[in-house]
């Protein structure tokens, strides 16, 4: 199956969410939450991420995670990841209980396409203090894609991980997982990166982006927002509407996409230093806000 067919299938089977100009969404992807070992890329940014997540919860945003939230190539089980970042998952649970949590699976957490696996490992967790099982993400469903559809304009935003354009990481993800666990995780501790990753292979990254752009051109210039390559993208109106929210494993920062007041923005959260030497987490606007209707195809 070609990358175009894989993207089309994801779009056809997507979960639909209605929204309007009062709706608020934060889109993050590629958190790669790990076990807090030297190979856990998320660990360096976990305080930044938690602060940002808490901000969006308090401000009434819905949270959309566009795949690779959990690093299940390097880690065998979700339990070790949960124990390492329990505060994050307890906050995500609050989104879930208020039906404000929308999850997409990527190649590094592709096991979540199996509902039985999700029900077994993500529905509850064991709390040793109480010696009981406690509810976590009971009833949650992971999707390959989500379509946000505006109730007034009928405009659609197609959200997916983007590995559909990457034949190796979509079709042969089990082989990729095997190689990462056996070979690249030990080497990563010594600072040697996986060369098969599109986030670290510029030539492969360009190929993936070209395939997705080609699909967008074939599908009526549908706004498409992905992750996977870790490279933030924010097109100007009139360009091909191909967005990328970046990742949460940039050096000392995380990037994401906000949708609010009928507008879209690319943002970054990072640690900044005040003049008196105090460290604080700050939000920076990188691109936008731009009206979503500016990306609608002119009839």
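Numbering (the numbering used here), first residue to last: 904 to 1202. Glycine is no exception: its CB is placed at the ideal position from the N, C-alpha and C atoms.
Membership of residue 910 in the alpha helix (DSSP H) is indicated by the continuous run 906-915.
Per DSSP, the continuous beta strand (DSSP E) segment holding residue 1186 begins and ends at 1182-1194.
Residue 929 sits close to residue 1161, with the two beta carbons spaced by under 7 Å. Secondary structure note for residue 922: its beta strand (DSSP E) is the uninterrupted segment 918-922. Under the 10 Å beta carbon count, residue 1031 is surrounded by fewer than 16 other beta carbons and is classified as exposed. Annotation: the continuous beta strand (DSSP E) that includes residue 1027 extends over 1027-1030. Excluding the 5 residues flanking it on each side, residue 1035 has same chain C-beta neighbours closer than 8 Å at 1029, in chain order. For residue 1108, the closest alpha carbon among the candidates 913, 1181, 1140, 1065 is that of 1065. The beta carbon of residue 1014 is closer than 7 Å to those of 975, 1020 in its chain, skipping five residues each way along the sequence. One thing to note: residue 1062 has its Cβ within 7 Å of the Cβ of residue 1049. In this structure, residue 1191 sits near residue 1167, with a CB-CB distance shorter than 7 Å.
Residues of the same chain with a CB within less than 6 Å of the CB of residue 1006, apart from the 5 flanking positions on each side, are 968, 1045 in chain order. Taking 7 Å as the cut-off, the beta carbon of residue 970 is found no closer than this to the beta carbon of residue 937. Within the model, the alpha-carbon separation for residue 1140 versus residue 1024 is close to 42 Å. For residue 926, there is no enclosing beta strand (DSSP E), as DSSP gives it neither H nor E. In this structure, DSSP gives residue 1169 an extended state, which the three-state scheme calls strand. Contact between residue 1145 and residue 1169 fails: their C-beta atoms lie close to 13 Å from each other, not under 8 Å. In the DSSP assignment, residue 1145 falls within the beta strand (DSSP E) that extends over 1145-1147. Pairing residue 935 with residue 943, the inter-Cα distance amounts to about 8 Å. By the CB criterion at 7 Å, residue 1052 and residue 921 fall inside the cutoff.
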